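Structure first, commentary second.
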Amino acid sequence: MDTATLLGDSTTQEKKVTLTSEETTNPTVTIPSKPEDNGGTVVETISISKNQQKKKRRYEKLMAVKKRKKEQDKEEKRARREMNGRNLEQEKQTQKAREMSGEGHKKRQEKWQKRMENSVNQFKICIDCSFDASMTTKEIGSLSNQIRYCYAVNKSSDNPVHFSVSSLSGLNHDNLKKVCGFPDQWKSFTCSEKSLLEMNSNNKDKLIYLTSDSDNTLKDLDDDKIYVIGGIVDRNRLKGATKKIAEQFGFETAKLPIDENVQVCSTKVLTCNHVFEILLKYHEHGEDWKKALLDVLPIRKDVKQVSNKD
Ligand SMILES: C[S@@+](CC[C@H](N)C(=O)[O-])C[C@H]1O[C@@H](n2cnc3c(N)ncnc32)[C@H](O)[C@@H]1O
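Positions 2 to 311 (our numbering) are the ones given, in order, by the sequence shown.
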């Protein structure tokens, strides 16, 4: 059967439509207007031009090639392992038995615990997601992706921190719930619908709200502090939003020492994940902000070093 697949906006809901050969020649398809209308009564009609059909066929062909290549790679990997004398079937059984007994999970947990204890980063990082109402659906989608990225970077770091997310609700929460293992299996991670203040009611004096608009510049990172990143994706539309919130609640604020260390030709307002990563890398680079900034900031920001005056 001749098929064509219609993909919707990947950041929102995926629409998949299968066309019969008859529909492909007469390019009008009927799809449910909402995911929950599947097989229901409300329908909407979408016309597909010849050009779109061509694009779709090309896309499908590409996907099929990719799938074949993936299977081939998997087969080659398996053959290589067997050639090296490994009994894959037995390994699979052992792994299964270990999982059933909970031994594997326990071991992974212990290993992670050790990594946390030995981490040079003993401070904490929190992303405050109380700005959703001022963001578009797309921006909230990007924020969810940035939180996922921060978690992935932290998990693979040799020096992870305790990571938390406050005021997590609505679409942002729904997006993250779709991620495998979120939140129960996420390591050293806490999230809550509670506000930053509610989550840290006994530690208000430990909070340092990061904002590029602060008059204070970070000199060092203190093991005892919780560094807060404003959960905002706004293409600089919501100017001063984090500073305003921080002042309203009386939180201490600080900005990253960008001017003192690097020359950035574009904006000094960074994304949440870049700020997260810079904090994570500061100790790893021997308490050197310049190295941490140069390591993390993208080339497109045209980052240059500022020469040391001392
Ligand atoms: C995309 S920025 C949000 C910009 C927003 N207009 C605001 O009011 O801050 C996301 C977050 O990253 C942090 N951030 C970005 N650039 C920073 C900098 N240069 N110094 C300290 N924190 C920064 C802040 O916590 C900020 O809320």
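Here a beta-carbon is modelled for each residue, glycine too, at the ideal position from N, C-alpha and C. In this text the structure is predicted, and so the values were computed from the model without any measurement.
Candidates Pro299, Thr268, Thr272 and Val263, of which the one nearest tryptophan 290 by Cα: Counting from one through the sequence shown, the residue named residue 290 turns up at place 289. Ranking the options by Cα distance to tryptophan 290, first place goes to Val263.
Boundaries (first-last residue) of the alpha helix (DSSP H) holding glycine 142: In the sequence shown, counting from the first residue as 1, residue 142 sits at position 141. Start and end: 138-157.
Contact test: cysteine 273 Cβ vs ligand 1 heavy atom, cutoff 6 angstroms: For the purposes of this step, residue 273 is taken as the residue at position 272 of the sequence shown. Cysteine 273: yes, Cβ under 6 angstroms from ligand 1.
Valine 180 - containing alpha helix (DSSP H), residue span: The residue given as residue 180 occupies position 179 in the sequence shown. Neither: valine 180 is in no alpha helix (DSSP H) and is coded neither H nor E.
Cutoff 8 angstroms; reference phenylalanine 183; Cβ partners in own chain excluding five residues on either side: Sequence index remark: in the sequence shown, residue 183 carries index 182 (1-based). Counting only Cβ-Cβ distances below 8 angstroms, and skipping sequence neighbours, we find Leu177.
Lysine 93: CB within 6 angstroms of a non-hydrogen atom of ligand 1: As a working note, residue 93 is residue 92 in the sequence shown. Answer for lysine 93: no, Cβ out of range of ligand 1.
Where glutamate 45 falls, given that 16 or more other Cβ within 10 Å makes a residue buried: For this step, residue 45 is matched to residue 44 along the sequence shown. Note on glutamate 45: pLDDT 45, under 50, position unreliable in the model; the coordinate value appears next. Its Cβ having fewer than 16 others within 10 Å, glutamate 45 is exposed.
Among Thr218, Gly231, Val162 and Ile141, the one whose alpha carbon lies nearest that of serine 1: Missing from the structure shown is residue 1; the chain here goes from 2 to 311 and no further.
Helix, strand or coil at lysine 269 according to DSSP, with G and I counted as helix: The residue labelled residue 269 in the question sits at position 268 within the sequence shown. Here lysine 269 sits in coil by DSSP.
Assigned secondary structure, valine 1 (DSSP; H/G/I helix, E/B strand, else coil): Residue coverage of the chain in this structure runs from 2 to 311, which leaves residue 1 outside it and unanswerable.
Residues of its chain near valine 270, where Cβ-Cβ distance is below 8 angstroms and the 5 sequence neighbours each way are ignored: Working through the sequence shown from its first residue, we reach residue 270 at position 269. Excluding positions up to five away in sequence, the list reads Ser213 and Asn237.
Backbone CA spacing between valine 166 and glutamate 72 [nearest angstrom]: The residue labelled residue 166 in the question sits at position 165 within the sequence shown. The residue labelled residue 72 in the question sits at position 71 within the sequence shown. Between valine 166 and glutamate 72, the C-alpha separation is close to 38 angstroms.
Proximity below 7 angstroms, CB of lysine 156 to CB of isoleucine 227: The residue labelled residue 156 in the question sits at position 155 within the sequence shown. The residue labelled residue 227 in the question sits at position 226 within the sequence shown. It is not a contact, given that the beta carbons lie outside the stated cut-off.
Boundaries (first-last residue) of the beta strand (DSSP E) holding aspartate 1: Since the first residue of the chain shown is 2 and the last is 311, residue 1 is not available in this structure.
beta-carbon aspartate 223 near ligand 1 non-hydrogen atom, thresh 6 angstroms: Your numbering for residue 223 matches position 222 in the sequence shown. Not under cutoff, so the answer is no.
Span separating the alpha-carbon of valine 121 from that of serine 48: As a first step, residue 121 is located in the sequence shown; it is residue number 120 there, counting from the start. As a first step, residue 48 is located in the sequence shown; it is residue number 47 there, counting from the start. For valine 121 and serine 48, the distance between alpha carbons rounds to 58 angstroms.
Proximity winner among Lys107, Tyr210 and Leu208, relative to glutamine 186 (alpha-carbon distances): Along the sequence shown, read from residue 1 onward, the residue named residue 186 stands at position 185. Checking every option, the nearest Cα to that of glutamine 186 belongs to Lys107.
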